[in-house]
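Structure, as structure tokens:
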Amino acid sequence: MSADTVHSADPSTDPSAAGITLTETAAEKVRSFLADQPDVDDIALRVAVQAGGCAGFRYALFFDDRELDGDVNETHHGIQVRMDKMSSPYLSGTVIDWKESLEASGFSIENPNSSGSCACGESATF
Numbered sequence: 212m213s214a215d216t217v218h219s220a221d222p223s224t225d226p227s228a229a230g231i232t233l234t235e236t237a238a239e240k241v242r243s244f245l246a247d248q249p250d251v252d253d254i255a256l257r258v259a260v261q262a263g264g265c266a267g268f269r270y271a272l273f274f275d276d277r278e279l280d281g282d283v284n285e286t287h288h289g290i291q292v293r294m295d296k297m298s299s300p301y302l303s304g305t306v307i308d309w310k311e312s313l314e315a316s317g318f319s320i321e322n323p324n325s326s327g328s329c330a331c332g333e334s335a336t337f
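In this note's numbering, the protein residues as written are 212 to 337.
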């Protein structure tokens, strides 16, 4: 993880506190998405694992100004990142990056906890 990461939980007592890594490239892209929005001080990038998709679970990334009970809060390269308490264990050790190619561009998620994914790459199994 980067030196610019802040956890609200203690990794020595809470395994879900191992956190994620948001690369600098991904943080720059998030910052560009937020550039046109007013009042972004309380907005965080929420990262979640939700039931769905052909492999059983899907990732969700969205902007959220709410802080839910039990959220794990981190800061990466100046970007606030939140995970709910149910998603956090599934996301421990995950690297989120931004990729651009001729075929597509978007966030890429590398999760060491995933035991597989579907052919479309939109969902994962744990």
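For each residue, glycine too, the CB sits at the ideal point set by N, CA and C.
Ordered along the chain, which non-local residues of its own chain (more than five positions away) have a Cβ less than 6 Å from that of residue i?
i: F274; result: I254
i: T234; result: D308
i: D276; result: D253, I254
Give me whichever residues DSSP pairs with residue i in a beta bridge.
i: A259; result: A271
i: D282; result: Note: D282 sits in no beta bridge, so no partner.
i: I307; result: L233, I320
Which of the three DSSP states is assigned to residue i in this structure?
i: N322; result: coil
i: S298; result: coil
i: V292; result: strand
i: G230; result: coil
i: S316; result: strand
i: P249; result: coil
Note down the Cα distance separating residue i from residue j, rounded to an integer number of angstroms.
i: P323; j: S299; result: 13 Å
i: L245; j: V258; result: 16 Å
i: R269; j: I320; result: 11 Å
i: T305; j: V260; result: 12 Å
i: S312; j: A271; result: 22 Å
i: M297; j: S303; result: 11 Å
i: D250; j: L256; result: 14 Å
i: R293; j: Q248; result: 19 Å
So, at 7 Å on beta carbons, what are the nonlocal neighbours of residue i in its own chain, with the 5 sequence-adjacent residues on each side left out?
i: T236; result: D308, W309
i: L279; result: D295
i: A262; result: F268
Determine, using beta carbons only, whether residue i comes closer than 8 Å to chain C.
i: Y270; result: Of the chains in the structure shown, none is chain C; there is only one protein chain.
Going by beta carbon distance, what residues of the same chain come within less than 8 Å of residue i, once the five residues before and after it are set aside?
i: K240; result: W309, F318
i: S316; result: W309, K310
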